[in-house]
Amino acid sequence: MSDSTTSSPAPASDAGDMDFEPPASFTDTYFFPAFAQLQSEYHLGQPIYEEGETWCLLAEIDAASTSAGNPFCLVCHDRNGDNFIIGFDLSKGLRFTPSQFKVGYTIAVVYAKRVNFVDGTKGVRVADLKTCHAFPFKLDRVLSMNKVLSDYWETLDEEGVTKRCHACGNEGKRMKQCDSCPWYFYCGKECMKAGKDRKKHNDDCNALKDPNMEALLRINTRDAMEDTPFEFHG
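Mapping of the sequence shown onto my numbering: position 22 corresponds to residue 163, and the numbering continues sequentially without gaps.
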């Protein structure tokens, strides 16, 4: 993922004593429901989620539009291929640059609920930009990256006592964390280089080191009793 400024990567850290929580799987339909699984904005019965829980809709942007009674909206599809509108409620003073939501990007919307717009179009309403973020990757790419990551973590010790080197497969208790993202572990610098070159981790690392992506991957470990709602930044 490209940034307007560059910074030196953080030094590789020893992962032996770090908190060890597996990343969320984007196939977990509780935390990452498809559009059809979202509760309606007008639902009056028992809610699906407890107060304080966080969920996220992932979709790919197909087009920008001004339909459905919205000054600006996005035509999107989810992983099931269902099409719908994401409408931005500008009546509440929402200010943003439409160019940040480009065709082919994956948009993530937390706390998403289904709504029928004034013209009958089905979709999701966004009233706060902190609840959505666009990643510069197609949805299939995001899902594939997450599957590779989840599969890797399936090989790790559940307690985090021993970890498997992503490059050579050796196991050890004092592995080094990737110097850019917090998700992969290596024996040392040589294996880290091999992981980024031969195992193609460098391609995923650029996305995984994004703080907003990291926050999504930790969505399943958020404390439901937290007073602070989930927010994207930047």
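Glycine included, each C-beta is placed from N, C-alpha and C at the ideal position.
Nearest neighbour of residue i, chosen from the options [CA to CA]
i: F371; options: T168, L179, S206 and T195; result: T195
i: V244; options: L231, D223, C214 and T262; result: C214
i: K304; options: L349, D169, C328 and F276; result: C328
i: G264; options: C217, N353, H274 and R236; result: C217
i: G222; options: T238, E300 and E201; result: E201
i: N257; options: L349, L280, G193 and H184; result: H184
i: L198; options: E191, Q187, N224 and S206; result: N224
i: M354; options: H374, I227, D338 and E191; result: H374
i: D169; options: D298, T238 and L284; result: L284
i: T296; options: A356, R339 and E312; result: E312
i: T272; options: L357, V302 and V259; result: L357
i: F278; options: A348, T369, L179 and E191; result: A348
i: A205; options: E300, K341, L290 and I227; result: I227
i: K341; options: E299, R359, D298 and L290; result: L290
i: D368; options: Y171, G193 and A177; result: G193
i: L280; options: R363, D269 and D219; result: D219
i: H274; options: L179, Q241, Y190 and S232; result: Q241
Beta-bridge pairing of residue i - partner residues as DSSP gives them
i: L215; result: A205 and I227
i: L199; result: A249
i: G313; result: K304
i: Q318; result: F326
i: S181; result: R255
Check whether residue i and residue j have beta carbons under 7 Å apart
i: S181; j: R255; result: yes
i: N361; j: A165; result: yes
i: C306; j: C346; result: no
i: F276; j: T247; result: yes
i: P163; j: W294; result: yes
i: F173; j: N287; result: no
i: K350; j: C322; result: yes
i: K337; j: N343; result: yes
i: F161; j: G301; result: yes
Limits of the unbroken alpha helix (DSSP H) element including residue i
i: K337; result: K330 to D338
i: A348; result: H342 to L349
i: D292; result: L280 to E295
i: P352; result: P352 to L358
Any chain C beta carbon closer than 7 Å to residue i
i: E295; result: Although the question refers to chain C, the structure presented lacks it and comprises just one protein chain.
Beta strand (DSSP E) segment containing residue i, residue limits
i: K263; result: K263 to V267
i: V256; result: R255 to N257
i: A275; result: C273 to F276
Problem set entry | Segment contact flag, the stretch 306-320 with the stretch 242-255, C-beta cutoff 8 Å, min 3 pairs | no
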